[in-house]
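*Asks:* Line by line, the protein sequences give chains V and C.
Add 2 to a position in the first sequence, counting from 1, and you land on the number used in our numbering.
Add 50 to a position in the second sequence, counting from 1, and you land on the number used in our numbering.
Structure below; questions to follow.
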Amino acid sequence: DAKTTQPPSMDCAEGRAANLPCNHSTISGNEYVYWYRQIHSQGPQYIIHGLKNNETNEMASLIITEDRKSSTLILPHATLRDTAVYYCIVSNDYKLSFGAGTTVTVRA
Amino acid sequence: GAVVSQHPSWVICKSGTSVKIECRSLDFQATTMFWYRQFPKQSLMLMATSNEGSKATYEQGVEKDKFLINHASLTLSTLTVTSAHPEDSSFYICSASGSDHMFVQYFGPGTRLTVL
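Here it is, written out as structure tokens:
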């Protein structure tokens with residue numbers, strides 16, 4: 003049973019911010035939100051994770067709602083190389099359960 | 051930092067032969083390593099979890115005698131597909147996590163296995 007819900011696909015323009023939503027309404031108090039992405043025919047790449055507070059690193063920002071039932075991954079300036087499948091995963095241990103993710107296509 | 055390598059990147063073998071795939075954490079000690087399998091147009095499916103020096107824990111439906119996992123050191127895990135058959139053809143991906151990585155997994159580039 004999926005713990006997260008993501009739109010199957012989305013397009014965004016090169017150079018613009020890409021906002022990827024994720025619903026996790028049944029998240030428990032000790033579960034983190036993780037984001038990974040997988041570029042075609044490669045292994046997944048870790049992007050960012052958070053528990054309650056918003057997080058930012060060199061790749062992206064993660065905005066988690068106050069009730070923690072949803073989050074948004076923000077890629078501030080999308081490039082063509084950001085075209086990938088993005089996975090939002092909630093977990094409180096080492097196990098990551100990959101769903102279908104969101105296929106993001108960045109267009110020039 | 052947090053680089054994981056896999057070797058080989060692709061392999062073609064005959065049905066009935068065994069294939070070994072290596073996974074190495076290059077710049078950190080991996081207390082836990084994971085093996086996933088991904089069929090075309092599908093998502094990653096966890097096959098097994100291994101901790102250094104102990105037996106791997108296999109997910110339901112994964113044959114432990116067919117997919118042998120060894121995690122002999124903090125930087126190396128191997129997956130051996132024994133008596134491979136065409137239905138074992140898939141993309142095999144390993145990942146590793148260290149004690150100071152807060153459950154974050156770092157993935158290898160994957161190995162494409164084709165069994166003829």
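Backbone N, C-alpha and C fix where the C-beta goes; we use that ideal spot for every residue, glycine too.
Taking only beta carbons into account, state which residues of the region 28 to 51 of chain V come closer than 9 Å to chain C, listed in chain order.
*Replies:* Listed by position along the chain: Tyr34, Tyr36, Tyr38, Gln40, Ser43, Gln44, Gly45, Pro46, Gln47, Tyr48 and His51.
*Asks:* Counting only C-beta atoms, is Lys97 (chain V) closer than 8 Å to chain C at any point?
*Replies:* Yes, Lys97 (chain V) counts as interfacial toward chain C.
*Asks:* Counting only the same chain and skipping the five closest in sequence on each side, list residues whose C-beta sits under 6 Å from that of Thr7 (chain V).
*Replies:* So the qualifying residues of the chain are Asn25.
*Asks:* Which whole-angstrom value describes the C-beta separation of Phe89 (chain C) and Ser140 (chain C), a residue pair presumed to lie in contact below a C-beta threshold of 8 Å?
*Replies:* Indeed they touch by this definition, with Cβ atoms about 6 Å apart.
*Asks:* Does any residue of chain V bring its CB to less than 8 Å from the CB of Gly111 (chain C)?
*Replies:* Cβ-Cβ to chain V under 8 Å: no for Gly111 (chain C).
*Asks:* Ignore the nearest five residues each way along the sequence and tell me which others in Ile29 (chain V)'s own chain have a CB closer than 8 Å to its CB.
*Replies:* Result list for Ile29 (chain V): Lys5, Val35, Arg70, Lys71 and Val92, in chain order.
*Asks:* Are the beta-carbon atoms belonging to Ser11 (chain V) and Thr74 (chain V) less than 8 Å from one another?
*Replies:* Cβ atoms of Ser11 (chain V) and Thr74 (chain V): not closer than 8 Å.
*Asks:* Hey, Val112 (chain C) and Ala134 (chain C): beta-carbon distance below 8 Å or not?
*Replies:* For Val112 (chain C) and Ala134 (chain C), no; Cβs fall outside 8 Å.
*Asks:* Looking at the unbroken beta strand (DSSP E) that takes in Val53 (chain C), where does it start and where does it end?
*Replies:* First-last for Val53 (chain C): undefined, no H or E at that position.
*Asks:* Could you pull out every unbroken beta strand (DSSP E) segment of at least 3 residues lying fully inside the region 39 to 71 of chain V, listed in chain order?
*Replies:* The qualifying runs are 47 to 52 and 63 to 66.
*Asks:* Closer than 8 Å, CB to CB, is Ala102 (chain V) near chain C or not?
*Replies:* Yes, because at least one Cβ of chain C sits closer than 8 Å to the Cβ of Ala102 (chain V).
*Asks:* Assuming the contact rule is C-beta atoms closer than 8 Å, Glu102 (chain C) and Ser68 (chain C) should be a hit. Round their C-beta distance to whole Å, please.
*Replies:* Between Ser68 (chain C) and Glu102 (chain C) the Cβ distance is about 23 Å, and since that is not below 8 Å, they are no contact.
*Asks:* Take Gly31 (chain V) as the anchor and find which of V:Ile49, V:Ile65 and V:Leu53 has the nearest alpha-carbon.
*Replies:* Minimum Cα distance to Gly31 (chain V) is reached at V:Leu53.
*Asks:* If you compare alpha carbons, which of V:His51, V:Ile66, V:Ser43 and V:Ala80 is closest to Trp37 (chain V)?
*Replies:* When each option's Cα is compared against that of Trp37 (chain V), the closest is V:His51.
*Asks:* What are the start and end residues of the beta strand (DSSP E) that includes Met97 (chain C)?
*Replies:* Start and end: Met95 to Asn101.
*Asks:* I'd like to know whether the C-beta atoms of Tyr89 (chain V) and Arg18 (chain V) end up nearer to each other than 8 Å.
*Replies:* No.
*Asks:* According to DSSP, what are the bridge partners of Glu72 (chain C)?
*Replies:* Answer by DSSP bridge pairing, in chain order: C:His57 and C:Thr128.
*Asks:* Between which two residues does the beta strand (DSSP E) carrying Ser145 (chain C) extend?
*Replies:* Its beta strand (DSSP E) spans residues Ser140 to Ser147.
*Asks:* Find the nearest neighbour of His57 (chain C) within the set C:Leu129, C:His121 and C:Lys64, judged by alpha-carbon distance.
*Replies:* Ranking C:Leu129, C:His121 and C:Lys64 by Cα distance to His57 (chain C) puts C:Leu129 first.
*Asks:* So for Arg87 (chain C), helix, strand or coil by DSSP?
*Replies:* Arg87 (chain C): strand per DSSP, three-state reduction.
*Asks:* Mind checking if Leu76 (chain C) is an interface residue toward chain V, Cβ cutoff 8 Å exclusive?
*Replies:* So, not an interface residue.
*Asks:* Return the chain-ordered list of same chain residues with a C-beta closer than 6 Å to the C-beta of Asp84 (chain V), the five sequence neighbours on each side being excluded.
*Replies:* Counting only Cβ-Cβ distances below 6 Å, and skipping sequence neighbours, we find Leu77 and Val108.
*Asks:* From His2 (chain V) to Met61 (chain V), what distance separates their C-alpha atoms?
*Replies:* The requested residue 2 (chain V) is not part of the displayed model; chain V covers only 3 to 110.
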